[in-house]
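These notes concern the structure reproduced below.
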Amino acid sequence: MNLPTRSKPEVLAPAGNLRGLKTAVDYGADAVYCGGKAFGMRSAPKNLSLEDFEEGSRYAHARGARVYVTCNVLPRNNEVEALREYVGQLKDTGVDALIVSDIGVMMMARSVAPNLELHVSTQAGVTNYQAANAFYELGARRVVLAREMDLQAVRDIRANIPDDLDIECFVHGAMCMAFSGRCLFSNYLTGRDGNHGECAQPCRWKYSIVEEKRPGKYYPIEQTKDGAYLFNSQDMNMLEHIDDLIDSGATSLKIEGRSKSAYYIAAMTNAYKTAVNAYMVQRGFENEQGETLKPFRDRVIRPTDPDYAEAMRQAQGQPDAITLHADEAFGGVNDDGYETPAAGSTASSAAAGTAATQAADTRTAVADIDDDHLSYHARSTRRKSNTAPEMLAGTWQHAAVRPAPHVELPDWLLDEPDKVAHRDYSTGFYYPEHKVTQNTDRSAYFRAWLVVGEVLSWSADEGGRVTLMSRNKIEPGQDVEFLLPGEPPLAYTVPADGLRDADGNWVPAINNPAHVFSMPCPHPVPINAAIRSRTAKPTLKAE
65 MNLPTRSKPE VLAPAGNLRG LKTAVDYGAD AVYCGGKAFG MRSAPKNLSL EDFEEGSRYA
125 HARGARVYVT CNVLPRNNEV EALREYVGQL KDTGVDALIV SDIGVMMMAR SVAPNLELHV
185 STQAGVTNYQ AANAFYELGA RRVVLAREMD LQAVRDIRAN IPDDLDIECF VHGAMCMAFS
245 GRCLFSNYLT GRDGNHGECA QPCRWKYSIV EEKRPGKYYP IEQTKDGAYL FNSQDMNMLE
305 HIDDLIDSGA TSLKIEGRSK SAYYIAAMTN AYKTAVNAYM VQRGFENEQG ETLKPFRDRV
365 IRPTDPDYAE AMRQAQGQPD AITLHADEAF GGVNDDGYET PAAGSTASSA AAGTAATQAA
425 DTRTAVADID DDHLSYHARS TRRKSNTAPE MLAGTWQHAA VRPAPHVELP DWLLDEPDKV
485 AHRDYSTGFY YPEHKVTQNT DRSAYFRAWL VVGEVLSWSA DEGGRVTLMS RNKIEPGQDV
545 EFLLPGEPPL AYTVPADGLR DADGNWVPAI NNPAHVFSMP CPHPVPINAA IRSRTAKPTL
605 KAE
């Protein structure tokens with residue numbers, strides 16, 4: 065089945081099994097990415113069989129969504145032929161794309177499954193438009209950018225690649241301490257291969273130090289009784305800044321979490337889909353009913369635009385914060401520990417100036433740059449994500465965007481990320497002035513809400529009644545929320561009576577997990593909707 069080309073930014077949700085796939089689609093995902101029983105980068109989830117892919121593809125396509133399969137391992141010699149056979153099987157299941165990182169796998173897939181789109185995984189480490197264009201020439205339809213890229217780098221790539229090459233960017237979920245997820249830490253410490261989906265996540269472990277002459281005596285690296293979690297990065301949350309990312313050229317917004325629960329998938333998919341819908345309305349692409357008013361296009365100014373010179377002049381006259389911070393250190397704001405040129409030099413003035421003066425400074429003649437400055441350029445390329453103060457005369461100018469007001473999202477929507485289990489949030493590496501940091505005091509998830517039930521059915525009988533599968537205690541007077549697709553959550557107070565078990569007998573409270581109960585509810589609610597409640601006391605617990 066050939067689905068039409070997307071006319072708006074794609075919300076891409078994770079799924080670790082068939083139920084997760086269907087949940088993602090039910091809550092608005094435009095596409096779902098998932099792994100098979102082999103050759104994916106997540107082995108902890110159950111993943112999907114070939115039969116699951118067939119059923120999941122039918123389910124998704126019937127609702128206008130796509131299915132992408134992760135084949136992003138770095139295969140060893142003895143796996144090449146098995147992977148070839150697997151891709152040959154996948155091509156007949158109805159899935160829409162393969163996510164690959166190994167160039168050999170990519171070329172093999174072109175031959176074996178020419179009907180499938182090829183998406184280049186974040187683990188290929190695409191950090192520039194030259195790499196993106198090279199993959200495009202090799203047949204890729206999409207590149208998943210390295211999570212270490214900032215927004216200015218996304219803009220620069222978008223301005224210098226074909227419009228029909230998708231850019232996929234992570235927007236939510238766990239961050240990996242390794243570059244583009246390529247890590248040997250787990251292999252070294254446990255023998256479990258992170259590049260084959262078996263990562264033991266040693267970056268989340270607690271570490272102490274041992275003094276050489278005091279073996280067996282452990283000292284926490286920070287002065288806490290529990291030790292320190294050296295590599296424990298914050299989670300990403302770009303919901304409030306979704307307009308910056310879409311304006312900068314992101315085609316697909318990727319939610320991390322194939323190992324997460326169906327509730328997490330539902331809540332975060334719903335949140336980002338609702339945010340994209342708000343973006344489309346406030347930018348004038350759609351009306352409130354979702355009807356198209358004008359074709360969608362990001363706001364990046366491309367060299368091929370007819371008004372390129374004038375648009376760039378206007379943008380540089382009023383540079384936005386993203387452009388102003390484009391040339392700060394990779395993932396940070398300081399040059400601590402690096403030797404910098406003397407004040408007034410080309411590199412110094414370029415790094416300190418606004419976007420408009422940066423463009424002028426980089427046009428300084430090559431003859432004016434001495435060996436010391438060249439040395440600075442060489443060092444800076446190893447620590448900066450963008451290139452204006454690093455490039456020599458007249459070779460580079462950052463892409464700008466056409467200005468637009470910030471997209472305003474309702475408070476209930478901005479609260480949604482706090483209603484799933486999560487570590488402290490950050491905006492990842494997208495804003496160098498607000499870099500991602502680590503939680504060195506704990507590795508557990510923060511949880512202030514928990515799922516207390518899942519809707520099995522709703523009936524209008526008796527004024528409205530919901531049948532549910534219990535997950536945690538529900539008692540009279542308790543405030544709960546029903547998670548609804550495409551809408552704010554439905555707040556509801558459990559009535560003082562009317563709770564029944566599966567046999568219709570009255571019960572004072574619902575306190576047996578994994579049992580069927582029912583309770584009065586005058587509001588229609590969909591099947592599989594999660595019922596959640598605020599915890600009496602926030603806890604640190606895994607999802």
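According to the working numbering, the residues represented by the sequence shown are 65 to 607, in order.
Glycine residues also receive a C-beta, built at the ideal position from the N, C-alpha and C atoms.
Note that the structure is predicted; figures quoted are calculated from it, not measured.
- The residues 215, 218 and 219, in chain order, have a CB closer than 6 Å to that of residue 312 in the same chain once the five nearest residues on each side in sequence are set aside.
- Membership of residue 95 in the beta strand (DSSP E) is indicated by the continuous run 95-99.
- For residue 191, the three-state secondary structure derived from DSSP is coil.
- Boundaries of the beta strand (DSSP E) around residue 301: 299-301.
- For the 8 Å CB-CB criterion, residue 148 and residue 184 do not form a contact.
- Residue 391 is classed as buried because its beta carbon has at least 16 other beta carbons within 10 Å across all chains shown.
- Within the same chain, Cβ atoms closer than 8 Å to the Cβ of residue 579 are found at 533, 534, 565 and 566, the five residues on either side in sequence being excluded.
- DSSP links residue 581 through a beta bridge to 532 and 565.
- Ranked by how close their Cα comes to the Cα of residue 211, the residues 303, 524 and 491 have 491 in first place.
- For residue 277, the three-state secondary structure derived from DSSP is coil.
- Runs of the beta strand (DSSP E) lying entirely within the region 100-151, each at least 3 residues long, are 130-135 in chain order.
- One Cα belongs to residue 153, the other to residue 342, and the distance between them is close to 39 Å.
- In this structure, the alpha-carbon of residue 463 lies about 8 Å from that of residue 376.
- If you draw a straight line from the Cα of residue 158 to the Cα of residue 111, it comes to about 17 Å.
- Spatial neighbours of residue 174 in its own chain (CB-CB distance under 6 Å, excluding positions within 5 residues in sequence) are listed in chain order as 203.
- Counting the other Cβ atoms within 10 Å of the Cβ of residue 274 gives fewer than 16, which makes it exposed.
- A direct Cα-to-Cα measurement between residue 156 and residue 142 gives close to 24 Å.
- Excluding its 5 nearest sequence neighbours in each direction, residue 359 has C-beta neighbours in its own chain below 8 Å: 71 and 349, listed in chain order.
- In the DSSP annotation of this structure, the continuous segment of the alpha helix (DSSP H) that includes residue 475 starts and ends at 475-479.
- Annotation for residue 304: no beta strand (DSSP E) segment contains it, and DSSP assigns it neither H nor E.
- Excluding five sequence positions before and after residue 331, the CB atoms of its chain that fall closer than 7 Å to its own CB belong to 480, 483, 484 and 547, given in chain order.
- In the structure shown, residue 167 adopts helical secondary structure according to DSSP, grouped into three states.
- If you check the CB distance, residue 209 and residue 186 come in under 8 Å.
- With 16 or more other Cβ atoms from the protein chains shown falling within 10 Å of its own Cβ, residue 180 counts as buried.
- Here residue 129 really is in contact with residue 96; their C-beta atoms are around 7 Å apart, less than 8 Å.
- Residue 530 and residue 379 have their C-alpha atoms spaced approximately 54 Å apart.
- Counting along the chain, no beta strand (DSSP E) covers residue 381; the unbroken alpha helix (DSSP H) around it starts and ends at 372-381.
- For residue 318, the enclosing beta strand (DSSP E) begins and ends at 316-319.
- In the structure shown, residue 556 adopts extended strand secondary structure according to DSSP, grouped into three states.
- Residues 519, 522, 530, 546, 548 and 554 of the same chain have their beta carbon placed closer than 8 Å to that of residue 589, with the five preceding and five following residues left out of the count.
- In the DSSP assignment, residue 543 falls within the unbroken beta strand (DSSP E) covering 543-546.
- For residue 90, the enclosing alpha helix (DSSP H) has its first and last residue at 82-90.
- Ranked by how close their Cα comes to the Cα of residue 323, the residues 178, 472 and 99 have 99 in first place.
- For the pair residue 582 and residue 544, the CB atoms are not nearer than the 8 Å cut-off.
- A buried status is given to residue 538, since no fewer than 16 other beta-carbon atoms sit within 10 Å of its beta-carbon.
- Beta-bridge annotation (DSSP): residue 364 is paired with 465.
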